[in-house]
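According to this note's numbering, the sequence shown is numbered sequentially starting from 4.
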Amino acid sequence: MRKSITMLSALIGMSLSAQVSAQVENGNFESWSGGTPDNWTTIDSGISVAESSNSYDGASSAAISVNTGSQSSTDFRQSVSVSAGQSYTFSTWVYHTEGGVRARLYVDGYQGYSTPTLTGQWQQVSYNYTAGSTGNIEVGLRFYDVSGFDGSEVVYVDVFEPTSTGGGGTGGGSCSTNGGELELTTDNYGGETSWQITDSSSQTVASGGSYASNTTYNEAVCLDDGDYTFTITDAYGDGICCSYGYGSYNLIVNGSSVASGDSFGSSESTAFTLGSGGGTGGGSDLSGYYASADGLTGYALKSELHNIIDSHSTQSYSALWSFYLSYGRDTYYENDGSILDIYSENPTGGDPFNFTAGSDQCGSYSGESDCYNREHAFPRSWFGGAVSPMNTDVHHIFPTDGYVNARRSSYPYGEVGSASYTSSNGSRLGSAASGLGYSGTVFEPIDEFKGDIARAYFYMATRYEDVVAGWENQSSYGDAALNGTSNQVFENWFLNMLLSWHAQDPVSQKEIDRNDAAYSFQGNRNPFVDHPELVGEIWGN
């Protein structure tokens, strides 16, 4: 029998980096006066605050007792100064005791939620904020009751960053050299996992360990130029995927993945170089998973990326349901665990309806909201039908409303001039807009997901470079978008549109998380999520 696991919170509390540091006063809750945390000036009547020794880092945390179900009187805030045009990453750690309330981060408005069902362990909530003007904004938390709230519940809060008074790890502030983040998801035995980054002298410059099981962590790193080795270790010797849960790791520095993986034995090491010593003259310094493509540009770069992501592990069509059940949920907008459907999601307000993961799978449908199914963003009729491995490649197959999926049919994506049908979230079907370069029927998703779709198409053009030239005549709609080559792949009008969508809707956290999950699911990654700059290096001219 495997050893039992003690659920420990992470001991390494590195602060998230920001381009310019907006300082949260007493963000580590070490200073108290008269039973109140210093500098926290807005404390509503529906909560009470006390000093606690149950801390994520340091001696103290704030024990916040939520005593009301009224969500208008549970705010806990302070004011910080920001500068116009500067970006900041605000984050805090919360610890739920019963699971009857959830904490929502406030950064000049209400942002993301904690997960209340993760009780008895610390979890991080963060938000990237770009200031529209110079002045003061409010940051903090609001507490919402959920099912199971019994009228009073304690939530511990600690290390609200960036803080001017330290918060464990390397402290608050910005990274002036090479800033990055380790995205780590543990398996069923998180306490077995540890990692370290060593420099060329074998000195440890960053490390982490003592993790909880089945939990996602974001550990910030700040590294000077030089040569490094990232090593992840499993004390039991079976990695973090896939026999005992589905863990993964991805070390991103300066926006690029330098080390990633999941399945290994006792340990796995990846060497990488930062600064002028890295690369071989290409436009992007690539290492780790993409090391063999370093220094290449144009279609030679595309061909080497094909070699890297080729031959993934083909999954069954029914396995996509399981992927959506685990990784297709909304933890980014309403954060309610419903299926994240790109054809019904309303990113700025309440969704028109929600699909329950698993139970609302299609099925038959007669209209919107009946069920969700598996939408091939790159229509399967374009590559000849239910042909493996394209038919089950999760990098381009999204959970969507079945009725809207049917209305989209196999039409190419495009920008609509006159709509014949509009879905409940504003996705449109209709004749192409003048100036698009195409005059047929197209389907236009909302702006929030245009970049996601563009990068899925760039993935398909690269992953299937060896066969894509033969797809042009499989379908008249495919012929409208594909040009019959293995290098450019797309007709000029379609390529120009994809490039525009890619630029206007940059890579988001949901895409990064989905890419990591897809890597665990089928064993390959979308290079254009990990390295968005590669799109321009291949198709920019």
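Note that the Cβ used here is the ideal one computed from N, Cα and C, for glycine as well.
Keep in mind the model is a prediction, meaning the values are calculated, not measured.
Please name the residue, chosen from Val256, Leu254, Asn253 and Asp241, that lies closest to Ser266 on a Cα-to-Cα basis. Asp241
C-alpha distance - Gly123 paired with Asp508, whole-angstrom precision: 37 Å
Measure how close the beta-carbons of His315 and Pro392 come, nearest whole angstrom, since I'm counting them as under 8 Å. 7 Å
Excluding the 5 residues preceding and the 5 following Ser203 in the sequence, name in chain order all residues of the same chain whose CB lies nearer than 7 Å to its CB. Gly229 and Asp230
Note down, in chain order, each residue of its chain lying with its Cβ closer than 6 Å to the Cβ of Met500, except the 5 sequence neighbours on either side. none
Tell me the start and end of each unbroken alpha helix (DSSP H) in the segment 353-440 that is at least 4 residues and wholly inside, in chain order. 405-411
Based on DSSP bridge pairs, tell me the residues matched to Thr180. DSSP, once it has assigned bridges, lists no residue as partnering Thr180.
Using the beta-carbon count (16 or more within 10 Å), is Asp450 buried or exposed? exposed
Taking three-plus beta-carbon pairs below 8 Å as touching, is the segment 519-527 in contact with the segment 311-328? yes
Give the DSSP-derived three-state secondary structure of Asp153 in the structure shown. coil
Whole-Å CB distance - Asn376 paired with Arg383, under 8 Å assumed: Between Arg383 and Asn376 the Cβ distance is about 13 Å, and since that is not below 8 Å, they are no contact.
Quick one: give me the first and last residue of the alpha helix (DSSP H) that Asn31 is part of. Segment: none, Asn31 is in no alpha helix (DSSP H) and carries neither H nor E.
What separation, rounded to the nearest whole angstrom, lies between the Cα atoms of Asn357 and Tyr327? 14 Å
CA-to-CA distance, Arg466 to Phe163, given in whole angstroms: 42 Å
Over the uninterrupted beta strand (DSSP E) stretch that includes His99, give me the two end residues. Ser90 to His99
Buried or exposed (CB count within 10 angstroms, at least 16 for buried), Val470: exposed
Ignoring anything shorter than 3 residues or poking outside the segment 444-493, list the beta strand (DSSP E) runs there in chain order. 444-447
Which word fits Ala464, buried or exposed, when buried means at least 16 other C-beta atoms lie within 10 angstroms of its C-beta? buried
Say whether the segment 489-503 touches the segment 431-451, bearing in mind that this needs 3 or more beta-carbon pairs closer than 8 Å, one atom from each stretch. yes
When the Cα of Ala223 is compared with those of Arg410, Ala209 and Glu156, which residue comes out closest? Ala209
Mind checking Glu536: buried by the 16 CB within 10 Å criterion, or exposed? exposed
Kindly indicate which three-state DSSP category Val27 falls into: helix, strand or coil? strand
Near Phe401, what residues of its chain come up, given a Cβ to Cβ distance below 7 Å and the 5 sequence neighbours on each side ignored? Ile345, Glu378 and Ala380
Are the beta-carbon atoms of His398 and Ala459 separated by less than 8 Å? yes
Contact between the segment 54-72 and the segment 148-165 is defined here as three or more beta-carbon pairs at a separation below 8 Å; is this criterion met? yes
Here's the rule: buried if 16 or more other CB atoms are within 10 angstroms of the residue's CB, otherwise exposed. What is Gln126? buried
State buried or exposed for Gly143, treating a residue as buried only when at least 16 other CB atoms are found within 10 Å of its CB. buried
For Gln81, count the other beta carbons within 10 Å of its own beta carbon; 16 or more makes it buried, fewer makes it exposed. Which is it? buried
Grouping DSSP H, G and I as helix and E and B as strand, with all else coil, what is Asp228? coil
Proximity below 8 Å, CB of Gly361 to CB of Leu343: no
Straight-line CA distance for Glu540 to Asp148? 48 Å
When the Cα atoms are used, what is the spatial distance from Leu308 to Arg145? 45 Å
Using alpha carbons as the reference points, say which of Tyr214, Ala303, Gly487 and Asp313 lies closest to Tyr292. Asp313
Under 8 Å Cβ to Cβ from Asn428, same chain only, skipping five residues before and after it: list those, please. Tyr346, Ser347, Glu348, Asn349, Asp354, Pro355 and Ile449
Starting from Gly143, trace the alpha helix (DSSP H) in both directions and tell me its first and last residue. Segment Gly138 to Asp148 is the beta strand (DSSP E) holding Gly143; no alpha helix (DSSP H) there.
Of the residues Thr45, Leu185, Phe93 and Val97, which one's Cα is nearest the Cα of Ser76? Thr45
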